[in-house]
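Residue numbers (this note's numbering): 140 to 619.
Taking it in order: structure first as structure tokens, then the write-up.
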Amino acid sequence: MSEAGAGWACTQSGTFDQLRPNGHGFSWLNMATLWRSRNEILAGLFGDPSGEVRARWVAAQEARGINPEFRIKPPIGGNFSFLLLGDTGEGDASQYAVVPGMLKAGQGTSFTIVASDVVYPTGSGNEYGDKFFRPYKDYDAPIYAIPGNHDWYDGLGGFMRVFCDAPPLKPKPDPGLRGLLWRKPETIDEARLAEARSLRGKPSQQAEQPGPYWAIESDSLLIVGVDTGIRNVIDKGQTAWLRRVSLDPRPKILVTGKPIYTGNVYKPSPLEEGGTIDDIVRDPAHRYVAAIGGDVHNYQRYPVKVGDRVIQYVVAGGSGAFMHATHTIGRVDVGGVHEDAFKCYPLRGDSLSFYSQLYARRLRMKWLSLRPDEALCIMSEHIKNQPVRTPAGPVKITRRMRWAARLLGAWPWPFRLPVDKVFHRYLSELSDWDTPPFFKQFLHVSVTPEELTLRCFAATGCLAQEVEPPVEDEVRISLS
């Protein structure tokens with residue numbers, strides 16, 4: 140929580156840059172990339188085919204002999220640990236900056252889960268080499284994943300080939316304008332994929348999951364992964380499976396491509412048959428203790444009281460793509476969560492300070508720049524919360540500082556500079572960067588029969604935080 144721990148006092152860049160192939164970069168400010176990503180827009184205009192295509196993938200897997208309950212049974216007992224990464228796959232500095240700390244904190248973990256958007260921009264099986272196999276080549280345990288919307292832009296072809304070893308689906312005609320414009324799955328270069336797979340070729344690294352959704356079993360806990368497709372709707376077949384799995388008497392964590400609470404807003408995934416996925420999570424008979432979602436590129440935690448228990452709703456999408464601002468999150472009150480019980484990373488003040496410095500440089504407007512202590516005080520004044528970090532000395536808030544905060548979206552204002560999700564698709568070059576600090580994060584979860592401990596580790600891209608990854612949040616959850 141200190142300025143140094145956030146990466147502000149970075150004196151030496153980390154070793155992550157040596158891991159990147161050819162200084163690989165990524166930008167959305169490219170017409171070819173935008174055109175390849177058109178299925179998001181088409182799904183909103185003409186309907187999302189994800190549910191129908193998912194049903195075909197599931198049927199094809201069952202025809203191959205996969206158990207329809209989609210269970211994964213790794214050789215673990217009641218005591219184990221695992222990592223969770225979210226929205227990893229840009230293949231640039233912001234992804235590789237997470238790797239050294241992940242490898243250190245991940246020593247001895249049983250597996251890793253990637254929650255949403257394994258590969259940007261379109262989930263192509265031909266891009267997994269530098270965006271999946273290479274960055275995690277030294278992680279000596281299996282990796283499982285649930286797809287995000289970007290993995291679906293390839294019709295899930297790359298995801299299913301890599302994680303489920305599934306052959307491609309037979310093409311199905313889609314008459315109408317959507318079918319005419321829809322981006323079709325790429326043909327996978329099998330030689331290229333085999334070369335990429337060799338980077339994670341050790342027996343201890345091998346994993347094959349049954350489908351795009353699954354349940355990982357242990358003696359103490361069931362980890363339930365769901366596929367939210369492009370437009371965040373759970374189809375009937377997956378819903379029926381989820382209801383069956385949720386009847387298992389063990390405590391459970393839900394891992395989902397879309398968070399249920401984010402940005403002080405409640406956004407549960409709708410079920411195609413009616414209701415929402417949170418109806419299943421909140422049912423006390425199902426014993427869910429946490430719901431963790433990707434898609435939003437930062438860390439947030441909402442401890443929501445449901446009856447006589449607390450469910451931890453977590454956003455964990457900050458493991459590879461550029462940072463979504465946290466300073467745009469107003470005073471938290473959603474779900475009855477008190478502001479001072481809400482946790483986020485980066486801290487709102489650090490988020491505001493970083494974006495102010497980013498735009499001050501790129502727009503050559505020096506007056507926009509806010510120091511971390513200035514931004515911290517502005518956000519505390521606006522949010523009226525208990526400051527997480529105490530400034531080293533007195534800070535006088537000026538009119539200039541307040542105007543800078545308004546333009547950067549620290550509170551509602553008719554005009555603000557791009558710091559949030561809309562520019563992920565259109566102008567993210569204005570809000571992306573390839574030098575520390577990155578404000579990335581990953582989760583480490585340790586499990587015993589009695590308790591689950593969830594830790595959020597920071598990855599700044601600075602050498603000091605590679606050597607000793609800082610813990611930005613920790614919560615203990617009873618499994619009794």
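Even glycine gets a Cβ: it sits at the ideal position worked out from N, Cα and C.
Quick one: grab the DSSP three-state call for residue i.
i    : result
R615 : strand
P442 : strand
C483 : strand
G296 : helix
C516 : helix
C601 : strand
E229 : coil
Y565 : Note that Y565 scores 39 on pLDDT, short of 50, meaning its location in the model is unreliable; the coordinates nonetheless yield the value given after this. Residue state, collapsed to three classes: coil.
I468 : coil
C149 : coil
F250 : strand
R159 : coil
R503 : coil
V301 : helix
V308 : Residue 308 is actually Leu in this sequence, not Val. DSSP places L308 in coil when its eight states are reduced to three.
P409 : strand
E325 : coil
K535 : coil
L316 : helix
A238 : Looking at the sequence itself, residue 238 is Val, so the reference to Ala does not match. Helix, per DSSP.
G144 : helix
L491 : helix
T154 : helix
F596 : strand
E590 : strand
R210 : strand
V527 : coil
When you compare each of the options to residue i by their alpha carbons, which one comes out closest?
i    : options                   : result
L158 : F272, V428 and G350       : F272
G413 : V372, I205 and R383       : V372
K270 : A430, V445, G153 and T227 : T227
S495 : V534, G204, M540 and A236 : M540
D293 : R175, Y275 and Y400       : R175
Y427 : A544, A480, K375 and L393 : L393
S343 : F250, P575, R421 and Y400 : F250
A598 : P588, V586, T574 and P526 : T574
D422 : R545, K444 and R440       : K444
D304 : P310, G296 and L507       : G296
S141 : L556, A244, A531 and K375 : A531
I536 : D512, G548, W550 and K523 : D512
R139 : A460, K482, A430 and K406 : Given that the chain is displayed from residue 140 to residue 619, the structure contains no residue 139 and the question cannot be resolved.
I285 : Y275, M299, V237 and D387 : M299
S544 : I355, L582 and I517       : Reading off the sequence, residue 544 comes out as Ala, not Ser. The option with the nearest alpha carbon to A544 is I517.
Rounded to whole angstroms, how far is the Cβ of residue i from the Cβ of residue j, which I believe are closer than 8 Å?
i    : j    : result
Q377 : V614 : At roughly 28 Å, the Cβ-Cβ gap does not stay under 8 Å, so Q377 and V614 are not in contact.
R322 : R177 : 6 Å
I369 : A182 : 5 Å
E329 : S263 : Not really, about 14 Å apart at Cβ, beyond 8 Å.
R331 : G268 : 7 Å
G475 : G225 : Contact flag wrong, Cβ pair sits at about 25 Å.
F596 : D489 : Between D489 and F596 the Cβ distance is about 16 Å, and since that is not below 8 Å, they are no contact.
F155 : G600 : 6 Å
Q348 : Y283 : 5 Å
Buried or exposed for residue i, please, with buried defined as at least 16 other CB atoms from any protein chain shown within 10 angstroms of its CB.
i    : result
T150 : exposed
P351 : buried
V404 : exposed
R382 : exposed
D643 : The structure shown has nothing for residue 643, since the chain only spans 140 to 619.
W506 : exposed
F562 : Its pLDDT being 43, under 50, F562 is placed unreliably in this model, and the value from its coordinates should be taken loosely. By the 10 Å Cβ count, F562 comes out buried.
Y565 : Unreliable positioning characterises Y565 in this predicted model, as indicated by a pLDDT of 39, which lies under 50. A coordinate reading is not provided.
Between which two residues does the beta strand (DSSP E) containing residue i stretch?
i    : result
F219 : F219 to G225
R448 : R448 to A455
S585 : K579 to V586
W364 : Residue identity check: residue 364 is Gly in the sequence provided, not Trp. L361 to V365 is the extent of the beta strand (DSSP E) around G364.
G432 : Y427 to G432
E201 : Counting along the chain, E201 falls outside any beta strand (DSSP E), though it belongs to the alpha helix (DSSP H) covering S189 to A202.
I285 : I282 to I285
L393 : K391 to T395
I355 : W353 to E356
In terms of residues, what are the limits of the alpha helix (DSSP H) holding residue i?
i    : result
V546 : Residue 546 is actually Leu in this sequence, not Val. It spans R538 to L546 - the alpha helix (DSSP H) in which L546 sits, taken as one unbroken run.
R382 : K375 to S385
L332 : E329 to R336
L291 : Going by the sequence as given, residue 291 is Trp instead of Leu. Here the alpha helix (DSSP H) through W291 covers N288 to W291.
I180 : N178 to F185
W174 : M170 to R175
V420 : I416 to R421
Would you verify that the beta carbon of residue i is, or is not, closer than 9 Å to some beta carbon of chain C?
i    : result
T415 : Checking the listed chains, one finds no chain C in this structure; it contains a single protein chain.
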